[in-house]
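**Student:** Quick one: the structure is below, questions incoming.
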Amino acid sequence: MAALTLDGISREVPRNRIPPSAIRAHNSYPEHEQSSSRTIPLATTAPSSRSGVCVAMSLPGKNPPAVAGGMQQWLSTIVMSVAALLLTLGPTHAQGTCDIFRGKWVPDSSGPLYTSSSCPLIIRAENCQANGRPDKGYENWRWKPEQCALPRFDARKFLKMMRGKTLAFAGDSIAQNQMDSLLCILSQVDTPINLSDRRMSKWIFNSTSTTIIRIWSAWLLHNSKEAVGIAPEGLNKVFLDVPDKTLMEFLPSFDVLVLSSGHWFVTPSAYILNGKVVGGQGWWPLQAGKMQMNNIDAFGASTETFLTAVATNPNFKGIAILRTYSPDHYERGAWNVGGSCTGKVNPLDKAVKDGFIDAMYGKQVAAFKKVVKNSRKQSSKLKLMSITKPFALRVDGHPGPYTNVDPNKKTQRGPDGRPPPQDCLHWCMPGPIDTWNEMLFETIRR
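Under UniProt numbering, think of the first position of the sequence shown as 1, with each following residue one higher.
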């Protein structure tokens with residue numbers, strides 16, 4: 001795999017579906033007492049299609065007192081008002097059961113949570129405004145769930161909630177992108193201290209002793225380049241039944257772990273299961289016959305492996321959140337054969353069907369459900385953060401050609417119709433990815 005340097009940022013180029021900015025190191029991208037009270041129902045359960053909240057009032061004593069007609073009418077009026085209020089607030093406020101991942105994008109004039117100039121932690125390749133992107137409309141959209149509200153991120157409340165705790169992101173450069181977004185949001189109220197080392201990126205917010213960590217793990221599995229069976233030395237070997245060793249080593253120290261992967265499954269690799277080569281991507285010798293597993297199947301197997309390892313680890317007492325596959329938006333080809341997202345300035349009204357993304361997302365969700373079912377008591381450790389469908393609409397949120405500050409860079413298609421080099425995978429900062437962290441906040445809070 002060729003290593004490229006783009007405007008001072010070292011990047012690995014996996015395959016034709018990933019832009020040169022796909023894989024990197026940080027800043028160059030290298031993770032209830034019973035009493036005598038009784039509960040007297042004064043209103044019926046709200047319609048199940050909305051909040052399902054049963055409004056009740058507790059009164060002291062073993063038996064309800066006789067209530068005069070006027071008092072009864074007064075109480076009834078109050079209860080009706082409370083019920084209406086709960087329905088207005090929606091299920092998130094009433095019970096925390098609203099699906100925040102079903103909704104639509106709406107215009108929002110409140111502006112971003114930070115700016116390209118107020119956060120020095122934005123890496124150059126995602127600082128779209130500083131890199132000359134002429135439009136800013138992509139910063140002014142808000143995700144509105146169908147049945148409730150997704151609160152605007154409150155950095156102080158988040159740090160208070162995470163006081164003395166550690167939140168870790170494990171995955172590839174998209175995980176890095178999300179962590180950088182969170183750091184920028186939180187840095188507006190407290191400046192983090194960088195304690196990163198060779199094994200992880202690590203940031204401390206001293207006001208609440210909150211730690212944010214990122215562990216680089218392309219597949220969230222053990223991998224090597226040593227020869228295995230028919231797979232030659234130098235080729236990536238991905239062990240589909242062995243979780244990433246560094247991740248498992250540090251797992252017990254995490255209170256919240258955000259797991260994400262997928263984009264490296266399009267790189268040339270051999271897949272190893274039970275010590276045997278069972279498939280590959282971008283590599284397979286003809287004499288070996290038919291593959292048992294392609295990259296999409298391998299992705300499903302990998303998700304089951306690392307989720308099971310996390311859920312069943314007796315020393316991990318936190319929660320693990322599986323963030324689903326982040327959609328790219330290359331049109332007219334992949335990144336290295338003319339793929340482009342140039343000129344996209346608004347969200348789509350309807351997502352364009354992408355068979356590969358749909359399949360990858362489907363494998364993730366199926367694996368998540370299987371592990372939750374099989375893990376039983378341990379399943380309470382697992383949560384799903386389903387961002388794929390909402391963000392399939394955000395074709396406008398990628399850097400595109402605005403990945404560096406070169407004033408002479410190409411930003412439009414040439415006379416031959418070919419576009420300039422583009423990143424239609426990662427997300428501008430500020431931009432849509434900040435909503436991921438609002439969704440993350442709500443997922444943790446629940």
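Where a beta carbon is used, it is the ideal one built from N, C-alpha and C, also for glycine.
(1) Could you pull out every residue in the same chain whose Cβ sits closer than 7 Å to the Cβ of Ser187, ignoring the five residues on either side in sequence?
(2) Exposed or buried, which one is Leu257 when buried takes at least 16 other CB atoms within 10 Å?
(3) When the Cα of Pro432 is compared with those of Met291, Thr305, Gln422 and Pro390, which residue comes out closest?
(4) Taking its Cβ as the centre, do 16 or more other Cβ atoms sit within 10 Å of Glu226, making it buried, or is it exposed?
(5) Can you round the beta-carbon distance between Phe306 and Leu220 to whole angstroms, since I take them to be within the 8 Å contact cut?
(6) Leaving out the 5 sequence neighbours to the left and right, which residues in its chain are closer than 8 Å to Gly234 when beta-carbon positions are compared?
(7) Buried or exposed, going by whether 16 or more other CB atoms sit within 10 Å of the CB of Tyr396?
(8) Taking C-alpha atoms, which residue in Ile193, Ala155, Ser386 and Asn336 lies nearest to Pro401?
(9) DSSP three-state call for Lys237: helix, strand or coil?
(10) Residues in the same chain with beta-carbon distance under 8 Å from Asn315, minus the five sequence neighbours each way, listed in chain order, please.
(11) Residue ranges of each beta strand (DSSP E) run of no fewer than 3 residues wholly in the stretch 177-225, ordered along the chain?
(12) What runs of the alpha helix (DSSP H), each 4 residues or longer, lie entirely inside the stretch 124-162?
(13) Helix or strand or just coil, what does DSSP make of Thr411?
(14) Less than 6 Å between C-beta atoms, sequence neighbours within five positions excluded: which residues of the same chain meet that for Asn346?
(15) Report the rounded CA-to-CA distance for Phe166 versus Thr210, giving the unit in angstroms.
(16) According to the Cβ coordinates, are Leu113 and Pro430 closer than 8 Å?
(17) Rounded to whole angstroms, what is the Cα-Cα separation between Lys344 and Gly279?
(18) Quick check on the burial criterion: 16 or more other C-beta atoms within 10 angstroms. Buried or exposed for Trp264?
(19) My output table needs one value for Leu257: the three-state DSSP class, helix, strand or coil.
(20) Which same chain residues, not among the five before or five after Leu382, have their C-beta less than 6 Å away from its C-beta?
(21) Whole angstroms are fine: how far does the CA of Gly171 sit from the CA of Asn236?
**Tutor:** Reading from the atomic positions:
(1) Along the sequence shown, read from residue 1 onward, the residue named residue 187 stands at position 187. Cys119 and Leu121, listed in sequence order.
(2) Here residue 257 refers to the residue found at position 257 of the sequence shown. Buried, because 16 or more other Cβ atoms sit within 10 Å of the Cβ of Leu257.
(3) Start at 1 with the first residue of the sequence shown, and residue 432 comes out as number 432. If we check each option's Cα against that of Pro432, Pro390 comes out closest.
(4) In the sequence shown, counting from the first residue as 1, residue 226 sits at position 226. Around the beta carbon of Glu226, fewer than 16 other beta carbons lie within 10 angstroms, which makes this residue exposed.
(5) As a first step, residue 306 must be located in the sequence shown, where it is residue number 306. As a first step, residue 220 must be located in the sequence shown, where it is residue number 220. With 8 Å as the limit, Phe306 and Leu220 qualify as a contact, their Cβ atoms being about 4 Å apart.
(6) Taking the sequence shown and counting its residues from 1, one reaches residue 234 at position 234. Spatial neighbours of Gly234 in its own chain (CB-CB distance under 8 Å, excluding positions within 5 residues in sequence) are listed in chain order as Lys225.
(7) Position 396 of the sequence shown holds residue 396. The sequence shown places Asp at residue 396, not Tyr. Burial call: buried.
(8) Mapped onto the sequence shown, residue 401 falls at position 401. Among Ile193, Ala155, Ser386 and Asn336, the Cα nearest to that of Pro401 belongs to Asn336.
(9) Sequence index remark: in the sequence shown, residue 237 carries index 237 (1-based). Note: Lys237 maps to strand in three-state DSSP.
(10) Sequence index remark: in the sequence shown, residue 315 carries index 315 (1-based). Cβ neighbours of Asn315 within its own chain (closer than 8 Å, five residues either side excluded): Leu251 and Pro252.
(11) As far as the stretch 177-225 is concerned, its whole beta strand (DSSP E) runs of at least 3 residues are 201-205, 210-216 and 221-224.
(12) Taking only runs of at least 4 residues, the alpha helix (DSSP H) segments lying wholly in the stretch 124-162 are 155-161.
(13) The residue given as residue 411 occupies position 411 in the sequence shown. Per DSSP, reduced to three states, the secondary structure at Thr411 is coil, with no helix or strand assignment.
(14) In the sequence shown, the residue the question calls residue 346 occupies position 346. Cβ within range, chain order: Asp396.
(15) On the sequence shown, residue 166 is found 166 positions in, with the first residue counted as 1. On the sequence shown, residue 210 is found 210 positions in, with the first residue counted as 1. The residue you asked about is not Phe; residue 166 is Thr in the sequence shown. Going from the Cα of Thr166 to the Cα of Thr210 covers about 6 Å.
(16) By one-based count along the sequence shown, residue 113 stands at place 113. By one-based count along the sequence shown, residue 430 stands at place 430. Yes.
(17) Taking the sequence shown and counting its residues from 1, the one referred to as residue 344 is at position 344. Taking the sequence shown and counting its residues from 1, the one referred to as residue 279 is at position 279. Their Cα atoms are separated by approximately 37 Å.
(18) The residue you call residue 264 lines up with position 264 of the sequence shown. Buried, since its Cβ has 16 or more Cβ neighbours within 10 Å.
(19) For the purposes of this step, residue 257 is identified with residue 257 of the sequence shown, where counting begins at 1. In the three-state reduction of the DSSP assignment, Leu257 falls in the strand class, which pools E and B.
(20) Reading the sequence shown from its first residue, position 382 is the one you call residue 382. Spatial neighbours of Leu382 in its own chain (CB-CB distance under 6 Å, excluding positions within 5 residues in sequence) are listed in chain order as Ala311, Ala320 and Val372.
(21) Here the question's residue 236 lines up with position 236 in the sequence shown. Here the question's residue 171 lines up with position 171 in the sequence shown. Separation of Asn236 and Gly171 (C-alpha to C-alpha, rounded to the nearest whole angstrom) is 17 Å.
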